[in-house]
Each structure stands twice: as C-alpha cells, then as structure tokens.
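Participant: Chains as they are written, first to last, in this note's numbering: chain H, 1 to 384; chain V, 385 to 632; chain W, 633 to 1007.
C-beta atoms are modelled at their ideal positions from N, C-alpha and C, and glycine is treated no differently.
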Amino acid sequence: MKAFWGFIKKEFLHIFRDRRTLLILFGMPLAQLLLFGYAVRNELNRADIAILDHSRDEVTREITGKLLSSGHFQLSAWLESEAEIEEVFQRGIARNVVVFESDFGRKLIREGRADVLIVTDASDPNMAQILEGYTANIIREYQQEWQMRNRMAMSGVGGMTSGAGGLAASGIIPEMRMLFNPELRSANLFVPGLIAFILMLVSAFLTSIAIAREKEMGTMEVLLVSPLDPRQIIAGKVLPYLVLSIVNVFTVLVVALVVFQVPFRGSVILFSLLSLLFIMTALALGLRISNAVRDQQTAMMMSLAGLLLPTILLSGFIFPISNMPVILQYLSHIVPAKWYLIIIRGIMLKGVGLEVLWMEALILLGMMSLLFVVSIKSFKIRLE
Amino acid sequence: MNVNSNASIIEVQDLTRVFGNFTAVDRISFEVRRGEIFGFLGANGAGKTTAIRMLTGLLIPTSGRAEVAGFDVFTHPESIKKNIGYMSQKFSLFNDLTVFENLRFYGGIYGLSTRDIRHKTDELLERLDLAGVRDRLIRDLPLGWKQKLAFSTAVIHEPAIVFLDEPTGGVDPITRRQFWDLMYETADRGTTVFVTTHYMDEAEYCDRVSIMVDGRIDALGTPAGLRKTYGAKNVDEVFVKLARGGSV
Amino acid sequence: MRIIFFILQKEFLQIFRNRLMLGFILVVPIIQLMILTYAATFEIRNIDFFVVDHDHSPESRALIDRFVASENFRLTGWSASAADGELALLGNKAVMVLQIPAHTGRDLVRDGSAPVSLRFDAVDGFTANVASQYAMQIIRRHNEVAGVAHLASIEPAPTGIAQIGINVSRWYNPHLDYKIYMVPGILVMLITVIGGFLTGMNVVREKEIGTIEQLNVTPITKFQFIIGKLMPFMILALVIFSFGLLLARFWFEVPFEGSLMLIYLIAATYLLVVLGLGLLVSTVTHTQQQAIFITWFVFVIFILLSGLFTPIDSMPGWAQYLTWANPVAWFIDIIRRVMLTGADMQDIWSSYLVLLAYGVAFIGSAVLRYRKAAA
C-alpha cells in the first residue's frame, strides 16, 4: 500500500511539475467556455443585404427603409444591374439581394400587382432560408400596412374598425411560451455540452496519451516489473486525471453560473454523482485506447477520431440529434456524452431529477461498468 | 580541413559553458592528435556531455576557443559537422526502421552515393557480424547490437573524428571488448576517436586520457604517465584521488 | 536535393510502417467526412411534438392534423392530461407541446377566435425559435383556410386589393441542401487536424526519443530538415483532400463551380499555415504531450471561431474582428466561395493574399525559430 501511495504521488508530481501542461489543462477549458459563452453562437445578428432597385420610387424606398430599420439587416451595397449579383455573392459582400422591378410603385397602384425578387446565396442553406423568411415577412408586413392605408384613404375614417387589423385577430390565436431558456441564449445550450466535452478531453484523451507515453518511452516496463499490481498501476495513472476532471467541472460550472448566469435549477449532489459516473466512463475509454496503441501519435489519432469528434458531433452538443439521418441517430446511442448531456441539461436547465433521468443514468452506469471490465482485462502485464 | 598538420585535430582553449549560474564546463584546455584514441573521463555530471556537445556544434559555448578539424566552433559549426561522426548517449537510431534503412539514411545525408551506401553497409554489417539482421527492425534487436549499429552509423561516412558519448554504457563485457576492437580498427584507418566513459578500466585502452572533475580538466596524459605522476596502480586510483577534492 | 530525398524516404518509411497510424491517417478522415457531413446540420426537421387535447372537437382535430401533415413536425404522443405534456418536455420526449383548451371548437364558431397554447423546450434556443416560426406559419395557414370559409359568411371576401408578388431565387444550392455547405468546411477541418497535429508531434517525437540530436550533428541544413519534415504531411494532407473532393463530388454531389487548380492552390497555401503552425509548436515544446495540447488549444479556437459550425454573422462584433486573425476562417470562406459559387482568383485575390501571408508568416517564423544548436 505504501508503494502505491508513493506511486500516486509520483504521478501527481509528473503532472504538476510540467507548468506548461498544467496551464493548458486549466486554461483551455476556461478559454473554451469564454468562447462558447461570448462568441460561438447560432443566434442571428444583422446580415448584410444588397438592394437592386430598378424603380426607385416612394414605395420601394419605403420597403428598403423598413428592411434596414428591422434590425435584421444592414445595407452593404446598392446595385445597378443583375450582373452585379453574382459578384456580390462571390466576393462575399452580401448573402441576400432584394430586386425591385421597374415601375414597382406604379404597377402596384395601377395593376394591383408588383413583383419583388429575393435572391439568396444559398451556399449556406440555413442562413438563406432564414434571411429569405425575414425579408418576405417584412415585405408582407409592409403590404398589409399599405393596404390598410389605401383602404382608409378610399373609405375614409370609418375603415378603422374593419380591415387588416381585424383580420389578424380572428381564428386560432397561438400563445407561445419558451420554457427553460426563455431568452433563447445559446450559452445555456452550449455550457452543459462543453462540460461533457472537457471531461472527455481531460479524462479520456489525456489519460490515453499519458499511458501511451510511458509505453513509448519504455518506462512502463519498469512499472510492470515493480511489486505494484496492474490494477494499482491503472489506478495510479487514472487518479490524477480523475481529480483534475473534477476540479475542471467545478471551475467551468462556477464561471458559467457567475459570468454567464447559466441557470442551475436541479440538485448539485445528483449533478456531481452523475458527473463522476461520466468521468469514470471516460477514463475507462482512455484506458482502453492506451491498451491498443504503442505510441502517443496513434493514441492521439484514435482519441480524436473515436472520442472527441463523436462527443462534439454526435452527442447533441452543437447539432440536434433529431435532425440527423436515422442511422446516425442510432449511432449516437453508443456515444456516452449523449446520455450525459441529456442528464446535465435536465438537471441544470429543467431542474429535473432521477424520476425523469433514471433511464439515462442507468445506461451510463452500464456503459461505465462494461468499459471498465473490458479495459482492465485488456491491460497487458507483459509487453509484446 | 587543414591536412598539413599531423599534430592536432582538436584544439581547445579555455572553453566554458554556463547554464544560468551553474558553470558546467570551466575553462578547459586540451588538444587531440590526429589518429589517436582520446579518452575523455569523468564522473556523471562532471561536464563531459556538455563539452562534447560544444565540440560537435550542438551547443554554443559561453566563452573560450575551440577548433575541430580546423574549423571554429563559433563560426563554422556546420563545416565541423561534415567532418565528424557522433554517437550520443541517448540511443539514436530509428526504432521503426530496419538496420539497412537506418544505415542508408545516415549514409545518404552524409552525401554518400547509392553505390557507396550499399558497399559500406555490407562491409560494416559483415565486420559487425550483423549481416543476418540487415532487414530486421531496430526495435527488435538487443541493446548491444543496437550500440554497435549506432557506432556504424556514426562512421559510415569515414569522418575525420568520431565522438562517442558513453558508447559502452549498459553493454555486456564481451560486446564491450568488441567495441574496443572496433575503435582500434577505426583509429587504424586514420579516424580520430574521441570517447567518453566512466569505466576507468577502459581508460587503459586509450592513447591519452583527460580526467574531468566538476567542469575542469584536472589531469591529462597517457595512462602510464598519469599512473606515474599520481603514484597509482591504475587510472581508477588516479581518478579516485582527483575526485576526493583534488588534494593530492 | 539528394539529402532531401533521403529524409523524405525515411519519413515515408516511418509513416508507412505504423499500419495502425496509417489507417487512422487515411481512412478515418474519409469516414469522418461521411458521418460528420450528415451529422453537422442545423436543418430543422422532425420536430417532436406532443398534443394535450382537452377539447376533442372537430376543430381541434383539424388543427392537429395540420401539424401532423406538415413535414417539419412529428407527433410523439397524445394525451388528455396537462401533466403528461409537462413530462414530455422535461423528459426530452418532445420539443413542443400543443395544448388545446376545452371549448376551443365552440369558441371558434361562436366568437371567431380561440386561444391555444404552444410551449417549447427552449434549451436549444435555435431549434425552439425555428420550431415556433414553423408552428406560427402552420396556424396562420390553418386560419386562412378555415377563416376564408368563416369570413365569407360575414362579409364578402376583399377583392381587388393590391398584392406584392414575392418571388425567391436560391443561388448555388437551390434545394437548400445543408450537406453541400458543410462538405468543404469539414474537409478543411480534417486536413487541419492531419497536417497540424502530425507535423508538430513528429518533430517533437524525435526530440523526445533523442534521435534529433543525431540529426543535428549531421551536415543536414535546417532548410533541408524542415522540407523533409513538411513534405510528407503536405502530400498526405493533399491525398486526403483529394479523396475528400472525390467523395464530395460523387457521393454528396457537391457542385464544383470553381477551377480545380485554384482549389488545390488554395489548399496547398493553407497547408503552409497548418504545417508551419505545427512546426512552430514543435520548436517551443519538449514533449509530444505538450505539443498535442498546444496544437489542440490553438486549433479548437481557430475552428470554433471559423464559421464552420456556427455562422460568423452570429458572433458579436469583436469576435467577428477576431476572425481576421484566424487563417482557418479565411480558408473556409475562400474554399466555400470557390467551390460553391465559382469565384475565381479575381474575386478572392485579397482573401487569398491574406492566407498566403499567414502561410509565409507561420512557415517563416518556424524556420527562424528552429535551431540546430542550443544557445
């Protein structure tokens, strides 16, 4: 037992003596948190818009004014001809061009119909769809106003009671409520995901590389011939990262709560326990990888491909799983981070407990036990 | 390279290297003659490796003067590198390449022609009794063989001087013996051998030895000369006397 | 030149000897491209919704049917109890709960209007927002259809009201296929990882094992060494890039509007940045672990702020300025424009120059910092 404590002390010293690594271990999670909190968002801000106005009359000016004062757009170019649209897109000047046909206003009044064309750079289809929607809505809104004004003009003051206003209030009136995150802040979505990601990084990625390093440098042989039991060696290797992971979770959590005011509605104890479960799962994964490789480069590539990318992409961290093809939705079931994310989002944002999350917790527990058995079994006492 | 002098091929004058406030090598001066086996002795941490790293152009000296194969270590380290071979203390062959691939690589970067590489490789492997493992990965060989191969890569281009930093560390007595045979052969072909060791019995095989203590060279001469000066049975005793605080 | 050949030969032998590694280098990126492209999508489809119907009238049925018929919504459950709706939201069974109060049908007929409640799980604010817009559209359309019939009995339908005809035209990706947008970006990420990490680790590995010292006493010049170290990874990255392009063209049917030559020129220029960065990292680190961490740190920031996953336009102003200092963002922007919109050198020259400048700067400082002898 004394040998074991000495060994653990040595492992901690290894990590804490390397200042550069230590700085990264603590600095990296915080930097990522700040990025996600402040910069990485999928909310929509003002987009660049270009206008091609063949008419230049009062109506088109009013519509343009409405577009630009909507808060969704900022003008980046006035175009003279259709030929310029291509250039605007290719140079990345704007993603959205509104084209008014000539004699727009007069046609609207005389013929009762005038055409406007919304051209979008759909290479980002999502953005294109959203911009298209905003533009169309603003124009439609203008049309309603315009009709109301005209009707008032035609039928005098009496038109106030009927008309567009009256039309809008009839039928089914939806009352929308956004629960759990009423301001639709992406930080609230990303912070729990980030916690899962950082845990995967510190617990699995670092562990696998640390053990691969000992193999590559030949120091693992020395440990294996020592009186230490292989299980003690594993424990000694894993323990410092376990501690680091726990410290990291709480640092990130505190910053998220204090700086970004991410809500925490559920039980801290449950959060801690289930996080520990996830950390253990990640450590087991890291061990399994280190058993399969001989050097650090391979360990890194394997962790990157097998752990970190799935954690970013197939866990629901950034991209909602329900949008993916069915086969990927099934694949996401074997990504531990997916279950952990459901759990901590539930605890932090929805304030629920085991009564709702019991299934996810059980799945994680199952994964952890299975992985630990497999990786301890595969830990080789003799090196090939 | 100045071929005219058959006297000295390494000249060192007051060479010093300071790391922070620690003086690893303290104003050492010596010269090495062409074709001799020069033993560079000292305890672990005496400054041998630092000195060798300065002479091979790996480390820039703090002060002093040194010429290796006629080139100044401050101004022409790259010219020195064309004329020397080096076997470092750390094992330096590529584990994931075969014996032949390692030799071919080093031959190639020293500018040997493809034919010369093949020729030299065969000759070296023959001489080392290692022809059978030509296509085996270095990783799979025992340490003694690896050391012999490391030596071969250091001399494949027939350099004027070869620096060997603890070449026999951790090697069994028989291989050590073979190693010294190799060094003699090399010296016979005109290559100067500069070898560090802390096995004092090996010092007896050298033409001349220097003994380093705490960054300084405390004694220099032929093994016989040193024994006489210090009134000792062997170089080992000389060394112990010097190491005990220099009080002769 | 001959020396460079020998260095290259050695590097390639080492890369090819580690089969496991080679597999990861060559195969994994391709698999990733396949998976990630399908996974990395913000297209909102299949919004799970749950219905709490207290009314059970033909009118409530009609509204629900309209949601079910829409391709954007997917009904996951149905109940008469509000508590079940609550649970569906809490337990991630639904993103939206449509709750129809009792007497909705009666009120609609009698008063011409009736409220229904829509509650969204807004943890994912983006999805919730889009879902609410879709829901709004569906209800509006429902009202129009039902309302026209209803209003017809009260007053004659308004005729002769002027209309603005709204026409849309979606360039470069008329079917709004998100994959076409993501493929170039993911390709960028993959070659970034291969190029950046492996170069850095490769050099540091020689330091860590000690073989670099042997190389440093040879007459190899610093220039030869760096070319020898960079070329293999440049070639590997370009091979992967080519596989990726083939996959993009023939599997994802991404249109290649721009010139292939230009695409390769840009990719090679960008690789200078990535390899230079890897090399730079290797000059300031002593162990592979440190190299991995630092490279990881830098690239995570670069990639997150590159507009690959989340649009740059969504970032706050200061972060948008930061993207000026981010070579990955420049490359993704250029490659998307060239591949998808057919931009040519004339359109992108200014961005290309920035990329080139980063390449030269990174490689240059790596070369300057690399030392054969310790000072």
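Return the CA-CA distance between Met412 (chain H) and Phe656 (chain W), expressed in angstroms with no decimal places.
Facilitator: An answer regarding residue 412 (chain H) cannot be provided, because it is not within the stretch 1 to 384 covered by chain H.
Participant: With three or more C-beta pairs closer than 8 Å as the rule, is the stretch 808-815 of chain W touching the stretch 924-933 of chain W?
Facilitator: They do not touch, by the three-pair rule.
Participant: Three-state secondary structure (DSSP) at Asn799 (chain W)?
Facilitator: Along the third sequence, one-based indexing puts residue 799 (chain W) at 167. Here Asn799 (chain W) sits in strand by DSSP.
Participant: Short of 7 Å in beta carbon distance, which residues of its chain neighbour Ala3 (chain H), apart from the five on each side in sequence? Order them along the chain.
Facilitator: Taking the first residue of the first sequence as 1, we reach residue 3 (chain H) at position 3. Within the same chain, Ala3 (chain H) has close Cβ partners Pro227 and Leu228.
Participant: I believe Glu840 (chain W) touches Lys474 (chain V) by the beta-carbon criterion, under 8 Å. Please report the beta-carbon distance rounded to the nearest angstrom.
Facilitator: As a working mapping, residue 840 (chain W) is identified with position 208 in the third sequence. As a working mapping, residue 474 (chain V) is identified with position 90 in the second sequence. Rounded, the Cβ-Cβ distance is 10 Å, inconsistent with contact.
Participant: With 9 Å as the threshold, decide whether the Cβ of Pro788 (chain W) is near any Cβ in chain H.
Facilitator: Counting from one through the third sequence, the residue named residue 788 (chain W) turns up at place 156. In this predicted model, Pro788 (chain W) has a pLDDT of only 40, less than 50, meaning its place in the structure is not dependable; the value taken from the coordinates is given anyway. Cβ-Cβ to chain H under 9 Å: no for Pro788 (chain W).
Participant: Sorry if obvious, but does the Cβ on Val98 (chain H) come closer than 8 Å to a heavy atom of the ligand MN?
Facilitator: Among the ligands in the structure shown, none appear at all, so the ligand MN cannot be discussed.
Participant: Tell me the DSSP secondary structure of Gly351 (chain H) in three-state form.
Facilitator: Here residue 351 (chain H) is taken as the residue at index 351 of the first sequence, counted from 1. Gly351 (chain H) falls in the coil class under three-state DSSP.
Participant: Keeping to the same chain, check which residues put their C-beta closer than 7 Å to that of Ala299 (chain H); ignore five residues upstream and five downstream.
Facilitator: By one-based count along the first sequence, residue 299 (chain H) stands at place 299. So the list reads Ser208, Ile209, Ala212, Ile289, Ser290 and Val293, once near-sequence residues are dropped.
Participant: Put Met324 (chain H) into one of helix, strand or coil per three-state DSSP.
Facilitator: Position 324 of the first sequence holds residue 324 (chain H). Three-state result, Met324 (chain H): coil.
Participant: Taking Leu626 (chain V) as the reference, which of V:Arg573, V:Phe563, V:Cys590 and V:Ala430 has the closest Cα?
Facilitator: In the second sequence, counting from the first residue as 1, residue 626 (chain V) sits at position 242. Per the Cα distances, V:Ala430.
Participant: With a threshold of 16 other CB atoms inside 10 Å of the CB of Asp549 (chain V), please say whether the residue is buried or exposed.
Facilitator: Position 165 of the second sequence, counted from the first residue, corresponds to residue 549 (chain V). Buried, since its Cβ has 16 or more Cβ neighbours within 10 Å.
Participant: Which residue wins for smallest C-alpha separation from Glu586 (chain V), given the options V:Gly574, V:Arg561 and V:Thr576?
Facilitator: Against the second sequence, residue 586 (chain V) aligns to sequence position 202. Glu586 (chain V) has its Cα closest to that of V:Arg561, out of V:Gly574, V:Arg561 and V:Thr576.
Participant: If you measure between the beta carbons of Phe180 (chain H) and Ala720 (chain W), is that distance less than 9 Å?
Facilitator: Taking the first residue of the first sequence as position 1, residue 180 (chain H) is located at position 180. Taking the first residue of the third sequence as position 1, residue 720 (chain W) is located at position 88. Against a cut-off of 9 Å, the Cβ pair of Ala720 (chain W) and Phe180 (chain H) comes out as no contact.
Participant: Out of W:Ala989, W:Ile898, W:Trp950 and W:Ile933, point me to the one whose CA is closest to Ala976 (chain W)'s CA.
Facilitator: One-based indexing of the third sequence puts residue 976 (chain W) at position 344. Looking at the sequence provided, one finds Asp at residue 976 (chain W) rather than Ala. Answer by Cα proximity: W:Ile898.
Participant: According to the Cβ coordinates, are Pro864 (chain W) and Leu640 (chain W) closer than 9 Å?
Facilitator: Here residue 864 (chain W) refers to the residue found at position 232 of the third sequence. Here residue 640 (chain W) refers to the residue found at position 8 of the third sequence. Cβ distance < 9 Å, so Pro864 (chain W) and Leu640 (chain W) count as in contact.
Participant: To the nearest angstrom, how far is the alpha carbon of Ile944 (chain W) from that of Val932 (chain W)?
Facilitator: Along the third sequence, one-based indexing puts residue 944 (chain W) at 312. Along the third sequence, one-based indexing puts residue 932 (chain W) at 300. If I take the Cα positions, the gap works out to 15 Å.
Participant: What do you get for Ser387 (chain H), buried or exposed, if any count of 16 or more other CB atoms within 10 angstroms of its CB means buried?
Facilitator: No statement about residue 387 (chain H) is possible, as the shown extent of chain H runs from 1 to 384 and does not include it.
Participant: Anything in chain W within Cβ reach of Arg345 (chain H), meaning under 7 Å, just list it in chain order.
Facilitator: For the purposes of this step, residue 345 (chain H) is taken as residue 345 along the first sequence, with counting starting at 1. By Cβ distance, chain W contributes Val755.
Participant: Identify, in the order they occur along the chain, each residue of the same chain with its Cβ nearer than 6 Å to the Cβ of Leu13 (chain H), setting aside the five sequence neighbours on each side.
Facilitator: Here the question's residue 13 (chain H) lines up with position 13 in the first sequence. So no residue of the chain qualifies.
Participant: The beta strand (DSSP E) with Phe674 (chain W) in it runs from where to where?
Facilitator: Counting from one through the third sequence, the residue named residue 674 (chain W) turns up at place 42. Element bounds for Phe674 (chain W): n/a, residue is neither H nor E.
Participant: Going by DSSP in three states, Ile540 (chain V) sits in which element: helix, strand or coil?
Facilitator: Counting from 1 along the second sequence, the entry for residue 540 (chain V) is found at position 156. Correct three-state label for Ile540 (chain V): coil.
Participant: In the DSSP output, which residue or residues are listed as bridge partners for Asp685 (chain W)?
Facilitator: Looking up residue 685 (chain W) in the third sequence gives position 53. Looking at the DSSP assignment, Asp685 (chain W) forms a beta bridge with W:Ile732.
Participant: Under 9 Å, Cβ to Cβ, is there at least one residue of chain H near Ala714 (chain W)?
Facilitator: Position 82 of the third sequence, counted from the first residue, corresponds to residue 714 (chain W). So no, Ala714 (chain W) is outside the interface.
Participant: Is it the case that the stretch 252-264 of chain H contacts the stretch 185-196 of chain H, given that we only count it when at least three CB pairs across the two stretches are under 8 Å?
Facilitator: Output reads yes: the stretch 252-264 of chain H touches the stretch 185-196 of chain H.
Participant: Please check if any C-beta of chain W sits within less than 9 Å of the C-beta of Pro461 (chain V).
Facilitator: Residue 461 (chain V) sits at position 77 when you count from the first residue of the second sequence. Taking Cβ atoms only, chain W reaches closer than 9 Å to Pro461 (chain V), which makes this a yes.
Participant: Could you have a look at Gln143 (chain H) and say whether DSSP puts it in helix, strand or coil?
Facilitator: The count along the first sequence starts at 1 and reaches residue 143 (chain H) at position 143. Note: Gln143 (chain H) maps to helix in three-state DSSP.
Participant: Chain W partners of Ala305 (chain H), CB-CB under 7 Å?
Facilitator: Against the first sequence, residue 305 (chain H) aligns to sequence position 305. Phe656, Val660 and Gln664, listed in chain order.
Participant: Would Val480 (chain V) count as contacting chain W if we go by Cβ distances under 9 Å?
Facilitator: Looking up residue 480 (chain V) in the second sequence gives position 96. Note on residue identity: the sequence assigns Asp, not Val, to residue 480 (chain V). So yes, Asp480 (chain V) belongs to the interface.
Participant: Quick one: is Leu604 (chain V) near chain W, going by C-beta distance under 9 Å?
Facilitator: As a first step, residue 604 (chain V) must be located in the second sequence, where it is residue number 220. So, not an interface residue.
Participant: Between H:Asp48, H:His54 and H:Lys107, which lies nearest to Gly92 (chain H) when the distance is taken from Cα to Cα?
Facilitator: The sequence position of residue 92 (chain H) within the first sequence is 92, counting from 1. Minimum Cα distance to Gly92 (chain H) is reached at H:Asp48.
Participant: For Glu845 (chain W), which three-state DSSP category applies?
Facilitator: Within the third sequence, the letter at position 213 stands for residue 845 (chain W). Three-state DSSP puts Glu845 (chain W) in a helix.
Participant: Classify Thr459 (chain V): buried if its beta carbon has 16 or more other beta carbons within 10 angstroms, exposed otherwise.
Facilitator: Here the question's residue 459 (chain V) lines up with position 75 in the second sequence. Classification for Thr459 (chain V): exposed.
Participant: How many Å lie between Thr915 (chain W) and Tyr589 (chain V) at the Cα?
Facilitator: Residue numbering aside, residue 915 (chain W) sits at position 283 when the third sequence is read from its first letter. Residue numbering aside, residue 589 (chain V) sits at position 205 when the second sequence is read from its first letter. Distance between the alpha carbons of Thr915 (chain W) and Tyr589 (chain V): 41 Å.
Participant: Look at the alpha carbon of Val970 (chain W) and the alpha carbon of Glu889 (chain W), and state the distance between them as a whole number of angstroms.
Facilitator: Reading the third sequence from its first residue, position 338 is the one you call residue 970 (chain W). Reading the third sequence from its first residue, position 257 is the one you call residue 889 (chain W). Straight-line Cα distance between these residues: approximately 7 Å.
Participant: Verify whether the separation of the beta carbon atoms of Val356 (chain H) and Gly346 (chain H) is less than 9 Å.
Facilitator: Stepping through the first sequence from its first residue, residue 356 (chain H) is reached at position 356. Stepping through the first sequence from its first residue, residue 346 (chain H) is reached at position 346. Yes, the pair counts as a contact, with Cβ atoms nearer than the cut-off.
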